[in-house]
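Take a look at the structure set out below.
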Amino acid sequence: MIYINVSMYQDKLIEKVSAIDSYNISFVKKDGFNLIFKSDNDEEAAALIKKTLKSTSEFKTIYFQINVK
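Offset between the sequence shown (1-based) and my numbering: plus 6.
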């Protein structure tokens with residue numbers, strides 16, 4: 007499972023991450039500030055999610071943490 011801890015723009019972030027075609031990434035649920043996703047390969051998907059979010063103008067200045075559990 008991939009946990010993204012973010013307080014702002016949660017709905018936009020869910021849309022952006024769910025639109026990534028690689029690793030079959032899908033949204034599971036919200037748990038407070040955590041957005042939980044599952045994928046075929048969590049470690050590689052987490053790295054791709056971070057790279058994708060940091061490359062967009064709307065998310066590169068937003069503070070978020072990505073953890074794999």
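Cβ atoms here follow ideal geometry from the backbone N, Cα and C, with glycine treated the same way.
Residue state for Lys36 is assigned as strand, using DSSP reduced to three classes. Leu59 and Lys36 have their C-alpha atoms some 18 Å from each other. Tyr29 carries a helical assignment under DSSP once its states are collapsed to helix, strand and coil. About 7 Å separates the beta carbon of Ile8 from that of Ile55, a gap short enough to meet the 8 Å contact definition.
The beta carbon of Asn47 sits closer than 8 Å to the beta carbons of Tyr29 from its chain, once the five residues preceding and following it are set aside; these are given in chain order.
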